[in-house]
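Student: First the structure, then my questions, so here it is.
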Amino acid sequence: MTVFQQAVPLIRDDLLREDVIGFIGQEATHAAAHQSLLAHLAAEGLDTGPFIAQLRWFFQDVLGDHGLTGKAAHGWLVERVAIIAAIEHVTPFLGDWILNAHALDPVSHAPADRSALSVIAAARPGTAYSCRQGFCGTCRVRVLAGEVAHHSSGTARRTDDAMLICVSRAAEPGGRLTLDL
Ligand code: FES
């Protein structure tokens with residue numbers, strides 16, 4: 011943030027300056043979201059301390075101003091902006107990867123001889139279900155992505171954006187569904 015505060019007065023393009031100021035504001039909101047995430051991870055028993063210490067070392071020590079002045083300070087400021095811009099361009103790919111990486115999914119595969127409910131309930135013992143036959147609608151979950159082959163009865167609730175995991179599954183063999191569990 012300090013780097014961009016130093017850089018803003020040097021930007022001559024009005025539009026770019028506005029974008030950078032918007033970016034700084036967005037990053038401040040972002041920082042608040044990170045605090046909530048850290049609190050959540052701590053509550054889950056995950057120690058983020060070493061990772062945070064490394065980030066602090068990188069952004070405060072490595073990317074610090076090192077007491078430079080004059081041309082050296084200006085050159086180093088430009089380099090720091092470039093490094094941070096590069097990092098900002100990589101993070102969306104990391105975000106996409108972590109949201110969509112199959113290896114990180116808590117439930118990754120429902121074989122042909124098991125229902126989606128069976129696989130999900132094994133991984134999440136609190137999963138709600140009752141009839142297991144597509145009648146009651148208890149196991150209904152929202153489908154965030156993927157095509158569903160619905161096998162529910164007419165009495166159970168069923169919509170295009172939801173499925174009954176006790177009887178329905180991906181439309182194609184080996185097809186992928188993203189469920190809001
Ligand atoms: S458990 Fe009753 S519809 Fe799935």
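Residue 98 in the working numbering is what sits at position 88 of the sequence shown, and the numbering runs on without skipping anything.
We put the CB at the ideal spot given by N, CA and C, even for glycine.
1. Given a cut-off of 8 angstroms, decide if V153 and D171 are closer than it, judged by their beta-carbon atoms.
2. The ligand FES and G144: does any heavy atom of the ligand fall closer than 7 angstroms to the residue's C-beta?
3. Is it the case that the Cβ atoms of I31 and V18 are separated by a distance below 8 angstroms?
4. Would you mind giving the Cβ-Cβ distance between G185 and G156, rounded to the nearest angstrom? I have them listed as a contact below 8 angstroms.
5. Does A180 come out as helix, strand or coil in the three-state DSSP assignment?
6. Go ahead and pull the three-state DSSP assignment for L87.
7. Going by DSSP, what residues sit across from V158 in a beta bridge?
Tutor: To lay it out plainly:
1. In this structure, V153 lies closer than 8 angstroms to D171 by Cβ.
2. Answer for G144: yes, Cβ within range of the ligand FES.
3. Contact: yes.
4. 6 angstroms
5. strand
6. helix
7. A180
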